[in-house]
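Each remark here refers to the structure printed beneath this line.
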Amino acid sequence: MLSSILQVDLLDEPEVNTESFCEIEGYYDSKDRIIYLHLRGLLDTHTLLIEYDKFVEKQDCKDFLSVWAHMRDKYARALLVLFHISHVIILTHPTHTFDYSYVHLFRAMDNVRQKVSPQLSDVLSCIYSLPKDWVLNVRPCSPRVLFYFETCPAVFQDTVTMANIKKLEHSLEDQIYHVLRKNRIVTNISSNSLFAIPANEEFVYVHTGMTESRDILGYMARKLIQSCKVSSGGSTSRSLASQDSNIQIDDTENEIRSFRSFLQQHVNLAFVRGFDDNVGRHSVPAYFEIPSVTMFCEVANKVYDYFIHGTDKELLTLHSLLDTDVKFSKSRCSKVLPRALQAYQENLPQHYTRAYHETKLAHAMAVFEMHARGPLFEEFSEKLQAECEKHWRSGRQMCEVLSLTGNPCTNPIHRGGSEGAGGGEQAEQRDSDNDLPIREHCSGVRYICACNCGRCQGSREDPFSLRQANYDYFQILAKQCGCAQLESIQFPVFQPSTHNYRPAQLFSTKRKDSFSHGESPTPQGNTQACSLGVNTTDGTFYSQSATTSETSEDVLKLSSKTSLTPSDAHKVVIEVSDSDAENAKEKSLVRQPSTTEYLPGMLHTESPAGLLPQFSSWSLVCLGPSSLYSHNLGLQHQAGVLPTSAFLLPWDVTVRLEHQKERGSLWPTIGDHGTHGYCPRGKNFQNMNTIRGRKSKGGKEVGVEYECPRGHRFMASAPDKVLKATGNGIVKDSGNKVTSSTVDMPLYFPCPCRQTKPLIAQLMRIHVVTPKAPVHVTLNPRVQPGPPPCPIFVTGCDEPIKLSQSAYWVLRLPYPLIRIYSLCYI
């Protein structure tokens, strides 16, 4: 458009200012004494594509609607410059329809123009020889706006007469005038309006020629293709030269109708008598001034600096007037925020956990998302989360430190108490923690649990520390039951030598009875288990963890003596040897336990050597002689045991006595004749001692006891089976399934107390009734709560524990093993 009027080529891709993101190009026609100005800004398609990414990087809000408001603000400031220094303004449209978005833009600009007029008048008053009326009106005149539409409907482009085009232009003039008058952008007095529209002259021009294009390569390619087309007569349609001449005619249209002539009549009127676009009965004389080029440039620089770089309060309101999308979003979100906060606060308990807080927060966010709209959605959603978090932390926050059984503390957040099994809201120390009350943890959950010997049951609180779980409670219950007076085995514990003892800083040195993580797994793989078996070498009964294969040093040492056949799998071989020979064995040096540092937690195979705990989590007591247990009556004095499961498993083992090699002669010695040489029944005596030594059977009873949180206790006859005796008290199962070294007993088993959602019972006790036969029964409990690399928990005894003969022994395991594993394995 400008090139057809000026007949010059302006810059194709000028660079816009990086701060204002706009550029006003100028051209002075000295012949006609006209200055042409061309605004390039972010609302131009070409500039928007090039500068958009750079503009977004400088904005705090990255969403498009917020960025769009800033872009319109930059462009509106540049438009205000033109509206204060121009006489005629041409507003172009790419199509033949009026863009109604200009209405809102013009109203915002007019509002700001009226507010900044006093400040701008003060700025212009500094210019020497500027007319006072110009200073008072802050512009040379009320600019006349002309509307240029770059395209028109195709039906109007090939008409011979221009009558239809004129009808279209007049229709657009009426439409634009009514819209601007209705929104009070154009008034009767032009000096009070942002711009003026001529009352009796045309101000709309519709371009009917070819649309200008900057795609030169595409334009030349299309023209080349047209020139090469062959007509039906066999000759080319036109020569390229003839087309070029015709193109020049099309671009400039005809002399009767052209935009140059349309603009020139307004220019001529301005030079002759100026513009007077006031209408109405009481007309006011219009002010119109044509300055010199020097004065115009001086005024243009002042006005440009004020609007582009100005920071006046009145000028800053332009952005808020244009930011309608964000204002709507703010209004909407501000209305929805209290509703969402009310949805969060509805039916809240006095104290609640973080999980409940997050559930209520999710519900509040769903209410907010249902009604909130616009670019401020994220900002207000963060505000909602902050308000809900503040409401929760203002006296409604629960402690939430987990007990060893996994239940959270239900007290309000406080100081004091043990660390429990983790969790809670005090992972980071805050300044406000000093104001919190000091109290112990309490989950409100209580369990029924038997004492060490199992003869007495009591109610216990949910433990939050290992000492509460495995020592304090059992000590109190032992005094009530009386089992504190029974014979017991004391496990190694820390013995301080000074008052300044402290917990040790754990390191990775392993104990001598530890296993490597890469050693042989159990036959059942990743199971939490405890396997029971008989040591087939020295008559030792032991409780061993899931990873106890032949990799242990003790087992390797013992199993290397004798290899038994499958038929001898449940036989005990007792080697008769001199005590002097046993005492002559060399003993390795053992590191003495520390007396200044104790081991926090429980002993396991990964614990540092030389450290002992402050208390033992194990218990081994002797109830009395083996006669306390009756095969027919079962466990009479054990509280809470299910009636059908109140029996021990019989376990018969064959014992073979072997003398030392120096006494290994096949002939009987003197004095043996009276014993073996005569058979009172008259049968021939076969001296079996000469072949295999003397044999005898030793009867044992063993029981693997599980206990659920409700205090129900039962025995297991196999890894997957609960012991059930007949009505007469006959137990058909044997103890071989639970004592075999190839079978792992699970640490947890469903309690048969109810069918639906059964409670989980833990392996808590091992009952052993030792025989009267000259057999030494020893215990070496080793428990692994999880799959490798889970450590193996041990009692701390260097050697297996020897049980007395013909006695009833009960071994209590630590509680609860899973949580202990998570606490102790560092």
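If you're matching positions, the sequence shown starts at 1 in the UniProt record's numbering and goes up one per residue.
For every residue, glycine included, the Cβ atom is placed at its ideal position computed from N, Cα and C.
Please classify E25: does DSSP put it in a helix, a strand, or coil? As a first step, residue 25 must be located in the sequence shown, where it is residue number 25. Residue state for E25 is assigned as strand, using DSSP reduced to three classes.
DSSP three-state assignment for M715, whether helix, strand or coil: For this step, residue 715 is matched to residue 715 along the sequence shown. It is a strand residue.
Considering only residues of the same chain and omitting the five flanking positions on each side of N347, which have a CB-CB separation below 7 Å? Start at 1 with the first residue of the sequence shown, and residue 347 comes out as number 347. None.
Would you kindly check if the distance between the Cβ of V769 and the Cβ of G735 is under 8 Å? Taking the first residue of the sequence shown as position 1, residue 735 is located at position 735. Taking the first residue of the sequence shown as position 1, residue 769 is located at position 769. Going by C-beta atoms, G735 is not nearer than 8 Å to V769.
Kindly indicate which three-state DSSP category T18 falls into: helix, strand or coil? What you label residue 18 is simply residue 18 of the sequence shown in a count that begins at 1. Note: T18 maps to coil in three-state DSSP.
Residues that Y36 bridges to, as DSSP identifies them: Taking the sequence shown and counting its residues from 1, one reaches residue 36 at position 36. Bridge partners of Y36: Y27.
Any idea which residues DSSP pairs S645 with across the strands? Here residue 645 corresponds to residue number 645 of the sequence shown, with the count starting at 1. Paired residues: none, contrary to the question.
Give the single residue among G374, V336, C388 whose Cα lies nearest to the Cα of Y352. Here residue 352 refers to the residue found at position 352 of the sequence shown. Here the closest residue by C-alpha is C388.
Can you find at least 3 beta carbon pairs, one from the region 90-107 and one from the region 49-66, that sit closer than 8 Å? Using a C-beta cut-off of 8 Å, the region 90-107 makes no contact with the region 49-66, since fewer than three inter-stretch Cβ pairs fall below that distance.
Sort L763, K802, P800 by Cα distance to L817 and report the nearest one. Within the sequence shown, residue 817 is the residue found at index 817, counting from 1. Answer by Cα proximity: L763.
First through last residue of the alpha helix (DSSP H) which encompasses W809: Reading the sequence shown from its first residue, position 809 is the one you call residue 809. W809 -> not in any alpha helix (DSSP H); beta strand (DSSP E) instead, spanning 807-812.
Simplified DSSP state of R113, which is helix, strand or coil: One-based indexing of the sequence shown puts residue 113 at position 113. Of the three classes helix, strand and coil, the one that applies to R113 here is helix, per DSSP.
Backbone CA spacing between W442 and T605 [nearest angstrom]: Start at 1 with the first residue of the sequence shown, and residue 442 comes out as number 442. Start at 1 with the first residue of the sequence shown, and residue 605 comes out as number 605. Correcting the residue type first, residue 442 is Cys in the shown sequence and not Trp. Spanning the two alpha carbons is a distance of roughly 32 Å.
Excluding the five sequence neighbours on either side, which residues of its own chain have a C-beta within less than 8 Å of the C-beta of A364, listed in chain order? By one-based count along the sequence shown, residue 364 stands at place 364. Excluding its 5 nearest sequence neighbours in each direction, A364 has C-beta neighbours in its own chain below 8 Å: A340, L341, A343, Y344, L384, C388, listed in chain order.
Taking buried to mean at least 16 other C-beta atoms within 10 Å of its own C-beta, is G674 buried or exposed? For this step, residue 674 is matched to residue 674 along the sequence shown. Annotation note: pLDDT 44 at G674 (below 50); position unreliable, no value reported.
Segment limits, alpha helix (DSSP H) that includes C333: Taking the sequence shown and counting its residues from 1, the one referred to as residue 333 is at position 333. Residues 324-345.
Tell me, which residues are paired with I89 by DSSP? Position 89 of the sequence shown, counted from the first residue, corresponds to residue 89. In the DSSP output, where bridge partners are listed per residue, I89 has V145.
What are the residues that DSSP puts in a beta bridge with D196? As a first step, residue 196 must be located in the sequence shown, where it is residue number 196. The sequence given here has Ala at residue 196, not Asp. DSSP lists R144 as partners of A196.
According to DSSP, is E57 part of a helix, a strand, or is it coil? Within the sequence shown, the letter at position 57 stands for residue 57. DSSP places E57 in helix when its eight states are reduced to three.
Output yes or no for whether 8 Å exceeds the beta carbon distance between E202 and E150. Taking the first residue of the sequence shown as 1, we reach residue 202 at position 202. Taking the first residue of the sequence shown as 1, we reach residue 150 at position 150. E202 is not a Cβ neighbour of E150, given a cutoff of 8 Å.
Compare the Cα-Cα distances from R139 to each of N192, L599, K182 and report the closest residue. Counting from 1 along the sequence shown, the entry for residue 139 is found at position 139. The shortest Cα separation from R139 among N192, L599, K182 belongs to N192.
So, for L628: in the same chain, excluding its five sequence neighbours on each side, which residues have a beta-carbon less than 8 Å away from its beta-carbon? Indexing the sequence shown from 1 puts residue 628 at position 628. Here the set comprises H637, Y808.
Please name the residue, chosen from G417, T644, M745, that lies closest to S465 on a Cα-to-Cα basis. Against the sequence shown, residue 465 aligns to sequence position 465. When each option's Cα is compared against that of S465, the closest is G417.
Might you give, ordered along the chain, the residues of its own chain that have their beta carbon closer than 6 Å to the beta carbon of N684, omitting 5 neighbours on each side? If you number the sequence shown from 1, residue 684 lands on position 684. With a pLDDT of 41 at N684, under the threshold of 50, the predicted position of this residue should be treated as unreliable, though the coordinate-derived value follows. Cβ within range, chain order: n/a, list empty.
Give a yes or no on whether the C-beta atoms belonging to I766 and P750 are separated by under 8 Å. On the sequence shown, position 766 is the one that residue 766 refers to. On the sequence shown, position 750 is the one that residue 750 refers to. Using a Cβ distance threshold of 8 Å, I766 and P750 do not count as a contacting pair.
Assuming the contact rule is C-beta atoms closer than 8 Å, V810 and L623 should be a hit. Round their C-beta distance to whole Å, please. For the purposes of this step, residue 810 is taken as the residue at position 810 of the sequence shown. For the purposes of this step, residue 623 is taken as the residue at position 623 of the sequence shown. Contact flag correct, Cβ pair sits at about 6 Å.
So what's A761 in DSSP terms, helix, strand or just coil? Here residue 761 refers to the residue found at position 761 when the sequence shown is read from its first residue. In the structure shown, A761 sits in a strand (DSSP, three-state: E or B).
Three-state secondary structure (DSSP) of Y815: By one-based count along the sequence shown, residue 815 stands at place 815. The three-state secondary structure of Y815, taken from DSSP, is coil.
Using the rule of at least 16 other Cβ atoms within 10 Å of the residue's Cβ for burial, across every protein chain shown, is L136 buried or exposed? Working through the sequence shown from its first residue, we reach residue 136 at position 136. Burial state of L136 is exposed, judged by a 10 Å Cβ sphere holding fewer than 16 other Cβ atoms.
Quick one: what does DSSP say T498 is sitting in, helix, strand or coil? Here residue 498 refers to the residue found at position 498 when the sequence shown is read from its first residue. T498 falls in the coil class under three-state DSSP.
I need the straight-line Cα distance from A450 to E378, nearest angstrom please. Counting from one through the sequence shown, the residue named residue 450 turns up at place 450. Counting from one through the sequence shown, the residue named residue 378 turns up at place 378. About 56 Å.
Straight-line gap, V16 to I90 (C-alpha atoms, nearest Å): Within the sequence shown, residue 16 is the residue found at index 16, counting from 1. Within the sequence shown, residue 90 is the residue found at index 90, counting from 1. Approximately 21 Å, taken between the alpha carbons.
Give me the DSSP bridge partner(s) of S488. Walking along the sequence shown from the start, residue 488 turns up at place 488. In DSSP, S488 forms a bridge with V621.
Can you tell me which of the three DSSP states K390 falls into? In the sequence shown, counting from the first residue as 1, residue 390 sits at position 390. DSSP, read as helix, strand or coil, puts K390 in helix.
Three-state secondary structure (DSSP) at R238? As a working mapping, residue 238 is identified with position 238 in the sequence shown. Because R238 sits at a pLDDT of 48, beneath the cut-off of 50, its placement in the model cannot be relied upon, and the following sentence gives the value as read from the coordinates. Assignment of R238 by DSSP, reduced to helix, strand and coil, places it in the coil class.
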